[in-house]
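Written out below as structure tokens is the structure these notes cover.
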Amino acid sequence: MRRVRYECGGGPDVLFLEEAPVPEPGPGELLVRVGAVGVTLPVVRKVREPRDPVALGGEVAGEVVALGEGVTGYAPGDRVTGLVFGHGYADYALLHTAMASPVPDGANPVDAVALVRSGLVAYGALEAARPAPGESALVTA
Numbered sequence: 004m005r006r007v008r009y010e011c012g013g014g015p016d017v018l019f020l021e022e023a024p025v026p027e028p029g030p031g032e033l034l035v036r037v038g039a040v041g042v043t044l045p046v047v048r049k050v051r052e053p054r055d056p057v058a059l060g061g062e063v064a065g066e067v068v069a070l071g072e073g074v075t076g077y078a079p080g081d082r083v084t085g086l087v088f089g090h091g092y093a094d095y096a097l098l099h100t101a102m103a104s105p106v107p108d109g110a111n112p113v114d115a116v117a118l119v120r121s122g123l124v125a126y127g128a129l130e131a132a133r134p135a136p137g138e139s140a141l142v143t144a
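Now the structure itself:
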């Protein structure tokens with residue numbers, strides 16, 4: 004499979020594709036064929052900082068292709084989105100079921116992946132504001 008990596012800090016020109024083995028799902032994990040990934044400010048900052056490279060890609064949307072031991076509630080072919088801990092900028096990613104959500108039929112994977120982090124932030128802001136019935140809350144990005 005292909006994955007995006009970098010070896011030194013800089014701009015987009017330091018990113019490159021490399022071949023890597025397709026990961027095997029462990030207990031509680033889904034192997035997902037990635038259809039969309041989030042590009043977030045933390046990723047941009049990681050690439051620009053002159054420090055040791057880290058795995059890129061925190062949120063993905065795609066199709067389940069394999070299940071790890073003990074996984075229930077998901078099957079190959081299911082469309083999912085969620086948070087991964089690096090290596091989301093790849094053809095395949097491991098997604099723990101605790102971080103996964105189903106993507107409804109007809110939903111665009113790009114829209115689904117955009118809701119992963121933004122949706123959590125908006126939900127957290129709403130929980131913190133605790134508007135009373137009839138009140139409104141404005142959440143900006």
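Per the working numbering, the sequence shown starts with residue 4, numbered consecutively. Glycine included, every Cβ here is placed at the ideal spot set by N, Cα and C.
With a 10 Å radius around its C-beta and 16 neighbouring C-beta atoms as the bar for buried, classify residue i as buried or exposed.
i, result
"Gly137", "exposed"
"Pro28", "buried"
"Tyr146", "As displayed, the chain neither begins before 4 nor continues past 144, which places residue 146 out of reach and without an answer."
"Ala128", "exposed"
For residue i and residue j, I'd like the C-alpha separation in whole angstroms.
i, j, result
"Pro112", "Leu118", "10 Å"
"Ala103", "Gly89", "15 Å"
"Cys11", "Arg51", "8 Å"
"Ala140", "Leu98", "32 Å"
"Glu37", "Val17", "The identity of residue 37 in the sequence shown is Val, whereas the question assumes Glu. Each residue's alpha carbon lies about 22 Å from the other."
"Ala172", "Val35", "Past the boundaries of the shown model lies residue 172; the chain is included only from 4 to 144, so the question cannot be answered."
"Val25", "Pro134", "46 Å"
"Arg54", "Phe19", "17 Å"
"Ala96", "Val40", "10 Å"
"Gly73", "Val106", "21 Å"
"Val124", "Glu32", "24 Å"
"Val42", "Ala101", "22 Å"
Residues bridged to residue i by DSSP?
i, result
"Arg82", "Glu66"
"His99", "Glu32"
"Ala39", "Ala64"
"Ser104", "Thr84"
"Leu20", "Val7"
"Ala1", "What is shown of the chain runs 4 to 144, which leaves residue 1 out entirely."
Roughly how far, in whole angstroms, is the beta-carbon of residue i from the beta-carbon of residue j, given that I think they are within contact range, below 8 Å?
i, j, result
"Gly86", "Glu62", "Per the sequence presented here, residue 86 reads as Leu, with Gly not at that position. About 5 Å; that satisfies the 8 Å criterion."
"Tyr126", "Pro56", "The Cβ separation is near 32 Å, so there is no contact."
Look at the Cβ atom of residue i, then the Cβ atom of residue j, and state whether they are nearer than 7 Å.
i, j, result
"Val46", "Thr84", "no"
"Val68", "Asp81", "no"
"Gly71", "Pro30", "yes"
"Arg48", "Ala23", "no"
Looking at the ligand FMN, does it come within less than 6 Å of residue i, judged from the CB to the closest heavy atom?
i, result
"Pro30", "Absence of the ligand FMN is noted for the structure shown, with no ligands found whatsoever."
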